[in-house]
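Just so we're on the same page, our numbering is the position in the sequence shown counted from 1, plus 1351.
Where a beta carbon is used, it is the ideal one built from N, C-alpha and C, also for glycine.
Accompanying notes for the structure given below.
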Amino acid sequence: FVHYDPRGFTQTHPSLQADLALSLDVIYHLLEDETYQLYMSHLFQCARRFVIIYSSNSTTAHPTAHVRHRKFTDWIEQHQPGWICTGVTRNPYPPGCDDGPTSFADFYFFKNTKPPEGEENQH
């Protein structure tokens, strides 16, 4: 795990890259566009093979000041063309559900369609 500061982050050291990068309950808390853009770029720079995101994926307004919903899959399609969504696991307790605590987030799974450098011939 690495303490993340979007303005001071540099992805130049190999230890800052892994097969999987996770983003859990982060994206909808990024209120400023610049911070969101940096975070998304850095998230995918850190992943060699897979990215898993747990977040909302809409532009629905939210009544609290610390939440800004974004359709992050549109950003990925525009800025990360080598990555494809391989699946979505929907939250079994969406808002309006009466079975306990709810969440507006789902799990989104992405795979890099370009093999990591040096692994082109491996299966």
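Practice task
May I have the straight-line CA-CA distance separating tyrosine 1387 from threonine 1361, to the nearest angstrom?
Solution key: When rounded, the distance between both Cα atoms is 16 angstroms.
Problem - Residue span of the alpha helix (DSSP H) that contains phenylalanine 1455, given as start and end - result: Neither: phenylalanine 1455 is in no alpha helix (DSSP H) and is coded neither H nor E.
Exercise for the section: May I have the straight-line CA-CA distance separating cysteine 1397 from proline 1443, to the nearest angstrom? Expected result: Linking cysteine 1397 to proline 1443 through their CA atoms gives a straight-line distance of about 29 angstroms.
Exercise for the section: Just the C-alpha distance for tryptophan 1434 and phenylalanine 1458, rounded to the nearest angstrom, thanks. Expected result: Taking the straight line from one Cα to the other gives about 16 angstroms.
Practice task
Give the range of the alpha helix (DSSP H) segment to which leucine 1389 is assigned.
Solution key: From DSSP, the alpha helix (DSSP H) with leucine 1389 extends over 1384-1396.
Handout entry: Continuous beta strand (DSSP E) stretch holding isoleucine 1435: start and end
Key = Isoleucine 1435 -> beta strand (DSSP E) spans 1434-1440.
Problem - Where the alpha helix (DSSP H) containing aspartate 1425 begins and where it ends - result: Element bounds for aspartate 1425: 1423-1430.
Problem - tyrosine 1459 in three-state terms, based on DSSP - result: DSSP places tyrosine 1459 in strand when its eight states are reduced to three.
Exercise for the section: Starting from alanine 1416, follow the beta strand (DSSP E) in both directions and report where the run begins and ends. Expected result: Unbroken run through alanine 1416: none, as it is neither H nor E.
Exercise for the section: Could you work out which residue in Ala1372, Asp1376 and Trp1426 is closest to aspartate 1384 when comparing CA atoms only? Expected result: Among Ala1372, Asp1376 and Trp1426, the Cα nearest to that of aspartate 1384 belongs to Trp1426.
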